[in-house]
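Number 942 in my numbering belongs to position 57 of the sequence shown; there are no gaps in the numbering. Cβ coordinates follow ideal geometry from the N, Cα and C atoms, glycine included. Predicted, not measured: the structure shown is a model, and the values here were computed from it.
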Amino acid sequence: MFLDDDNTTQTCKVVINDEEQYSIWPAQWDNPAGWRDVGVAGSKADCLSHIEQVWTDITPLSVRRSVAERTA
Numbered sequence: 886m887f888l889d890d891d892n893t894t895q896t897c898k899v900v901i902n903d904e905e906q907y908s909i910w911p912a913q914w915d916n917p918a919g920w921r922d923v924g925v926a927g928s929k930a931d932c933l934s935h936i937e938q939v940w941t942d943i944t945p946l947s948v949r950r951s952v953a954e955r956t957a
């Protein structure tokens, strides 16, 4: 949870986009366009910890695919 601009505590959720890039977002908000839930919510620290564990390669998916095609 984190304090928003009104100093109220909010629960976060982890979201991912089509490039397999992760972010955190306030749980009660609709996801921004192009982002979907990964099923993890909780404190800001918990969400960031999850991202740190699963997002081991920050290279966008389209770049990874392009490199793989050139080396195949």
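Taking only the alpha-carbon atoms, compute the straight-line gap between residue i and residue j and give it to the nearest angstrom.
i, j, result
"M886", "E905", "At M886 the pLDDT is 48, less than 50, meaning the model places this residue with poor confidence; the figure from the coordinates comes in the next sentence. Roughly 23 Å separates the two Cα atoms."
"G924", "V899", "7 Å"
"Q934", "T941", "The sequence given here has Ser at residue 934, not Gln. Looking at the two C-alpha atoms, the distance is approximately 12 Å."
"T956", "G927", "40 Å"
"R950", "A912", "31 Å"
Checking the sheet assignment: what are the DSSP bridge partners for residue i?
i, result
"S951", "Per DSSP, none; premise fails for S951."
"N902", "W920"
"W910", "K898"
Looking at residue j and residue i, is the spacing between their C-beta atoms short of 9 Å?
i, j, result
"D922", "C897", "no"
Give, in chain order, every unbroken run of the alpha helix (DSSP H) that is at least 4 residues long and sits entirely within the region 918 to 952. The qualifying runs are 929 to 939.
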